[in-house]
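Asker: Heads up: the sequence lines are chains D and A, in that order.
Quick note on numbering: the first sequence equals residues 616 to 962 in our numbering.
Quick note on numbering: the second sequence equals residues 697 to 971 in our numbering.
Cβ atoms here follow ideal geometry from the backbone N, Cα and C, with glycine treated the same way.
So that we are looking at the same thing, I have put the structure below in structure tokens.
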Amino acid sequence: MELRLDKFTKRFGMTTVIEEMDLAVRSGEMMALLGPSGCGKSTTLFAICGIHKLTGGRLHFGDRDVTTVPPQQRSVGVVFQNYALYPHMNAEQNIGFPLKVMRRPKAEIRAEVARLADLVQIGDLLGRRPAQLSGGQQQRVALARAMIRQPDILLLDEPLANLDAKLRLEMRSEIRRIQRETGITAILVTHDQVEAMSMCDRIALMREGRIVQLDTPDRMYRDPRSRFTAAFLGNPPISFLDAQAGEAMSLPGGHSLPRPEGLTATGEIVLGIRPEHFGPQHGTGLQGEIVFVEPQGREELIDIRLDGGADLRSIQPAGASIRPGQRVDWGVAQNSVLAFAPNGDRL
Amino acid sequence: MTGHARIWHLVAILAVFSTPLVIMYVYQVLDSIAEPDPGSLLPGAIDLSHWRFLWERIDAGRPSIWVVTFNTFLFASITAFLVTTLSTTAGYALSRLNMPGRPYFLGGLIILHAFPTITLIIAIFIILQFLGLFDTLLGIILVKAALELPFGVWIMKGFYDTVPWEIEMAGVQDGASRFRVWWELVLPQVKPGLAALLIISFLSGWSEFVLPLVLAPGSGTQVLATFMNAVIQDDATADFGLFKAIGMFYSIPVIVIYLLFQKQLMNIYGGGTKG
Numbered sequence: 616m617e618l619r620l621d622k623f624t625k626r627f628g629m630t631t632v633i634e635e636m637d638l639a640v641r642s643g644e645m646m647a648l649l650g651p652s653g654c655g656k657s658t659t660l661f662a663i664c665g666i667h668k669l670t671g672g673r674l675h676f677g678d679r680d681v682t683t684v685p686p687q688q689r690s691v692g693v694v695f696q697n698y699a700l701y702p703h704m705n706a707e708q709n710i711g712f713p714l715k716v717m718r719r720p721k722a723e724i725r726a727e728v729a730r731l732a733d734l735v736q737i738g739d740l741l742g743r744r745p746a747q748l749s750g751g752q753q754q755r756v757a758l759a760r761a762m763i764r765q766p767d768i769l770l771l772d773e774p775l776a777n778l779d780a781k782l783r784l785e786m787r788s789e790i791r792r793i794q795r796e797t798g799i800t801a802i803l804v805t806h807d808q809v810e811a812m813s814m815c816d817r818i819a820l821m822r823e824g825r826i827v828q829l830d831t832p833d834r835m836y837r838d839p840r841s842r843f844t845a846a847f848l849g850n851p852p853i854s855f856l857d858a859q860a861g862e863a864m865s866l867p868g869g870h871s872l873p874r875p876e877g878l879t880a881t882g883e884i885v886l887g888i889r890p891e892h893f894g895p896q897h898g899t900g901l902q903g904e905i906v907f908v909e910p911q912g913r914e915e916l917i918d919i920r921l922d923g924g925a926d927l928r929s930i931q932p933a934g935a936s937i938r939p940g941q942r943v944d945w946g947v948a949q950n951s952v953l954a955f956a957p958n959g960d961r962l
Numbered sequence: 697m698t699g700h701a702r703i704w705h706l707v708a709i710l711a712v713f714s715t716p717l718v719i720m721y722v723y724q725v726l727d728s729i730a731e732p733d734p735g736s737l738l739p740g741a742i743d744l745s746h747w748r749f750l751w752e753r754i755d756a757g758r759p760s761i762w763v764v765t766f767n768t769f770l771f772a773s774i775t776a777f778l779v780t781t782l783s784t785t786a787g788y789a790l791s792r793l794n795m796p797g798r799p800y801f802l803g804g805l806i807i808l809h810a811f812p813t814i815t816l817i818i819a820i821f822i823i824l825q826f827l828g829l830f831d832t833l834l835g836i837i838l839v840k841a842a843l844e845l846p847f848g849v850w851i852m853k854g855f856y857d858t859v860p861w862e863i864e865m866a867g868v869q870d871g872a873s874r875f876r877v878w879w880e881l882v883l884p885q886v887k888p889g890l891a892a893l894l895i896i897s898f899l900s901g902w903s904e905f906v907l908p909l910v911l912a913p914g915s916g917t918q919v920l921a922t923f924m925n926a927v928i929q930d931d932a933t934a935d936f937g938l939f940k941a942i943g944m945f946y947s948i949p950v951i952v953i954y955l956l957f958q959k960q961l962m963n964i965y966g967g968g969t970k971g
């Protein structure tokens, strides 16, 4: 079901957390609310599920205005960061609780629980209590409990934050699979750009209570509208260089790069260069010294200090025998360089 | 073994200071079942007649021990029940509900808990007299429960504080009303606190002496503590064997409860459940 927030405002006492935010999530879409901590993404989530009242604005599920509907009557399933399973109930009772509240017949509840347990693949663990389940299994129980009412909207609050790295990878694709299979409209709240990019159809990047960009992961990565977006997405992160835009882009230390196509600005600008766009495969032009090499197995992450002091990152296939201290003369992929105004806006 | 060797002198000191207590307990038991032998530390012949109060009245003016025991049981259990139910709801409200004046209420609880109750006794006497509850079990039950409440509310609030908010959020999201969330999801998490509070307030009621003595002095509302007091005050026929036997009888339930519920009682220091 489609979800629409119009001019959503949230204040706690005197502090305004979110000011007139608009957000529309399409039916069947998985949307990420991404941002650093304190940006208001969890506040938005709690407003959607009804735990926080909206200070201003409207919230619609499809055609239904649910702004003042209490959380019990909104059709929303929530997976909490710590899963919030009921410790005194076993997995089956946990998953079946929403239906028990709805006074469904026992046989029906049992059948529904079995169906959901099958979907999240915990059919053999139904008799266990949360304390007897691993983190990933608890996550699956929480997911099944959130989905059993067949809610209009599924909300996931940092669902992977409490899992170890390997499980995180597994649950990332699992959650996406379940979301696709059921076709449910989902919102994922996360501060991890990798999660947002890998799991979601679109990302709403938030900062200080506002959405700074809403786009597909691919577009957001390639075509960020601000320096903030460019810096937030990408791992290893993008590096920035101060430059003077004239006939060419002159960098400190006497380097210069040709003007990117279509750039009209002159004077002080900031160039953003992603690690994969800087290296020997892009020719020559920037001289400097390797200061740090971080092996990551398949690849090596390399920090280069250019003559003149600026730092750039590059990512290279492992085994190129690059050592700290080595001098290099590497090039930049011209058309992938991002240019920003000093205030952070994209040029 | 090395650990024992290092602390033996501490054990010795503790043993010396504990000896009087141990001796008292030993003679409490011995004197209740044996005839004291004047001039000797060892008791004389076994004599179960001290326990005669169990099957006959000590004298015509006194109520039967079973009536008194029943009174004590009523007093302690109703008090415990009242304290526990009220603390359970009040503790939740203080822990979770956003009500006006909450910080002052919490501060007030601590002050009330520390307040020496004996200073209130005359005021309470007048109030009970006015309400017609003087010299009734109901009167002292209400007073005792009221005085125990600050402690109970405070303890239960502490237990509720350890229950994660998310459990309640999840419950609300699953469609349950706030009351149902409390009853079905939160209450089970604070059960250890509930059990401990129930036992502690029962024991406190069982051993209460001053309130029944002052506020319910009649023989119809006698509890075991005041009954014992009356027995020993009767200096015409001071019978220490009888007194000690009644004392034993009075403390047996306490010992049994402690033995049975040790684990639950320890919970009050641990608090809460692990999510």
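Three-state secondary structure (DSSP) at threonine 844 of chain A?
Answerer: Note that residue 844 of chain A is glutamate in the sequence shown here, rather than threonine. Residue state, collapsed to three classes: helix.
Asker: Taking only beta carbons into account, state which residues of the stretch 862–874 of chain A come closer than 7 Å to chain D, listed in chain order.
Answerer: Cβ contacts with chain D come from Glu862, Ile863, Met865, Ala866, Val868, Gln869, Asp870, Gly871, Ala872, Ser873.
Asker: What does phenylalanine 712 of chain D pair with, by DSSP beta-bridge criteria?
Answerer: The partner list for phenylalanine 712 of chain D (beta bridge, DSSP) is empty, contrary to what the question assumes.
Asker: Which residues, in chain order, does the stretch 875–893 of chain A contribute to contact with chain D at a C-beta distance below 9 Å?
Answerer: From the stretch 875–893 of chain A, only Arg876, Glu880, Leu881, Pro884, Gln885, Lys887 have a Cβ closer than 9 Å to chain D.
Asker: Report the neighbours of valine 716 of chain D on chain A: residues whose CB is nearer than 8 Å to its CB, in chain order.
Answerer: By Cβ distance, chain A contributes Asp870, Gly871, Ala872, Arg876.
Asker: Please state if the CB of alanine 647 of chain D and the CB of leucine 803 of chain D are separated by a distance shorter than 9 Å.
Answerer: It is a contact, given that the beta carbons lie within the stated cut-off.
Asker: Write down every uninterrupted run of the alpha helix (DSSP H) in the stretch 829–905 of chain A whose length is 4 residues or greater and which is fully enclosed by it, in chain order.
Answerer: Runs found: 833–857, 861–869, 887–902.
Asker: Closer than 9 Å, CB to CB, is leucine 700 of chain D near chain A or not?
Answerer: True, the Cβ-Cβ gap to chain A drops below 9 Å.
Asker: Nearest-angstrom Cα distance between valine 908 of chain D and histidine 897 of chain D?
Answerer: About 19 Å.
Asker: Which residue marks the beginning of the alpha helix (DSSP H) containing glutamate 803 of chain A, and which one marks its end?
Answerer: Note that residue 803 of chain A is glycine in the sequence shown, not glutamate. First-last of the alpha helix (DSSP H) with glycine 803 of chain A: 798–810.
Asker: Verify the CB distance criterion: does proline 799 of chain A have a CB-CB separation below 9 Å to chain D?
Answerer: Chain D, which has no Cβ nearer than 9 Å to the Cβ of proline 799 of chain A, makes this no.
Asker: Under 9 Å between beta-carbons, which chain A residues line up against histidine 703 of chain D? List them in chain order, please.
Answerer: The contacting residues are Leu881, Pro884, Gln885, Lys887, Thr969.
Asker: Just curious, the beta strand (DSSP E) that glutamate 773 of chain D is in, first and last residue?
Answerer: Note, glutamate 773 of chain D: premise wrong, no beta strand (DSSP E); not H, not E.
Asker: In terms of alpha-carbon separation, which member of D:Asn777, D:Leu740, D:Lys715 lies closest to arginine 764 of chain D?
Answerer: Ranking D:Asn777, D:Leu740, D:Lys715 by Cα distance to arginine 764 of chain D puts D:Lys715 first.
Asker: Is any beta-carbon of chain A found at less than 9 Å from that of phenylalanine 676 of chain D?
Answerer: No, its Cβ sits nowhere closer than 9 Å to a Cβ of chain A.
Asker: Verify whether the separation of the beta carbon atoms of leucine 901 of chain D and aspartate 857 of chain D is less than 9 Å.
Answerer: No. Outside cutoff.
Asker: Which chain A residues sit within Cβ distance under 9 Å of isoleucine 666 of chain D?
Answerer: The contacting residues are Met865, Val868, Gln869.
Asker: So glycine 868 of chain D is in the alpha helix (DSSP H); what residue range does that whole segment cover?
Answerer: First-last for glycine 868 of chain D: undefined, no H or E at that position.
Asker: Which whole-angstrom value is the C-beta distance of leucine 845 of chain A and serine 773 of chain A, which I expect to be below 8 Å?
Answerer: Actually they do not touch by this definition, with Cβ atoms about 16 Å apart.
Asker: Kindly indicate which three-state DSSP category proline 910 of chain D falls into: helix, strand or coil?
Answerer: Three-state result, proline 910 of chain D: strand.
Asker: Within a Cβ cutoff of 6 Å, which residues of the same chain sit near aspartate 779 of chain D, ignoring the five residues on either side of it in sequence?
Answerer: If we look at aspartate 779 of chain D and ignore the five residues flanking it on each side, it has no Cβ neighbours.
Asker: Please confirm whether proline 732 of chain A has its beta-carbon closer than 9 Å to some beta-carbon of chain D.
Answerer: Taking Cβ atoms only, chain D never reaches closer than 9 Å to proline 732 of chain A, which makes this a no.
Asker: Bridge partners for proline 681 of chain D per DSSP, in chain order?
Answerer: The sequence shown places valine at residue 681 of chain D, rather than the proline named in the question. Answer is none; valine 681 of chain D lacks a bridge partner.
Asker: Nearest-angstrom Cα distance between isoleucine 556 of chain D and leucine 674 of chain D?
Answerer: In the structure as shown, chain D starts at 616 and stops at 962, and residue 556 of chain D therefore has no counterpart that could be examined.
Asker: Locate the alpha helix (DSSP H) running through glycine 750 of chain D, then write down its first and last residues.
Answerer: That run of the alpha helix (DSSP H) goes 750–762.
Asker: Comparing C-alpha positions only, which one of A:Val712, A:His809, A:Ile729, A:Ala912 sits nearest to threonine 832 of chain A?
Answerer: With distances taken between Cα atoms, threonine 832 of chain A lies closest to A:Ala912.
Asker: Grab the span of the beta strand (DSSP E) containing methionine 671 of chain D for me, first residue to last.
Answerer: The amino acid at residue 671 of chain D is misidentified as methionine; the sequence shows glycine. Looking at the DSSP string, the run of the beta strand (DSSP E) that includes glycine 671 of chain D is 671–676.
Asker: When you compare only the Cα positions, how much space is there between glycine 916 of chain A and leucine 894 of chain A?
Answerer: Taking the straight line from one Cα to the other gives about 26 Å.
Asker: Just to make sure I have the definition right: I need the residues of chain A whose C-beta is within less than 7 Å of the C-beta of phenylalanine 855 of chain D. Which are they?
Answerer: Under the 7 Å cutoff, chain A gives no residues; its nearest Cβ is about 39 Å from phenylalanine 855 of chain D.
Asker: Below 8 Å, can you find three or more Cβ-Cβ pairs linking the stretch 877–892 of chain D to the stretch 939–957 of chain D?
Answerer: The stretch 877–892 of chain D vs the stretch 939–957 of chain D: in contact.
Asker: So if I threshold CB-CB distances at 7 Å, which residues from the stretch 618–632 of chain D count as touching chain A?
Answerer: Taking 7 Å as the Cβ-Cβ cut-off against chain A, none of the residues of the stretch 618–632 of chain D qualify.
Asker: Pop quiz: isoleucine 790 of chain D and proline 774 of chain D are said to be a contact at Cβ under 8 Å. What is the actual Cβ separation, rounded to whole angstroms?
Answerer: Indeed they touch by this definition, with Cβ atoms about 7 Å apart.
Asker: Should the stretch 653–667 of chain D be called in touch with the stretch 812–828 of chain D, which here means at least 3 C-beta pairs below 8 Å?
Answerer: Flag = yes, the stretch 653–667 of chain D and the stretch 812–828 of chain D touch.
Asker: Does the Cβ-Cβ distance between isoleucine 768 of chain D and valine 640 of chain D come in under 9 Å?
Answerer: In this structure, valine 640 of chain D lies closer than 9 Å to isoleucine 768 of chain D by Cβ.
Asker: By the criterion of Cβ-Cβ separation under 8 Å, what are the contact partners of proline 860 of chain A in chain D?
Answerer: Correct list: Asn697, Ala699.
Asker: For glycine 968 of chain A, does the three-state DSSP call read helix, strand or coil?
Answerer: Reliability of the predicted coordinates at glycine 968 of chain A is poor, the pLDDT of 44 falling under 50, and no value is obtained from them.
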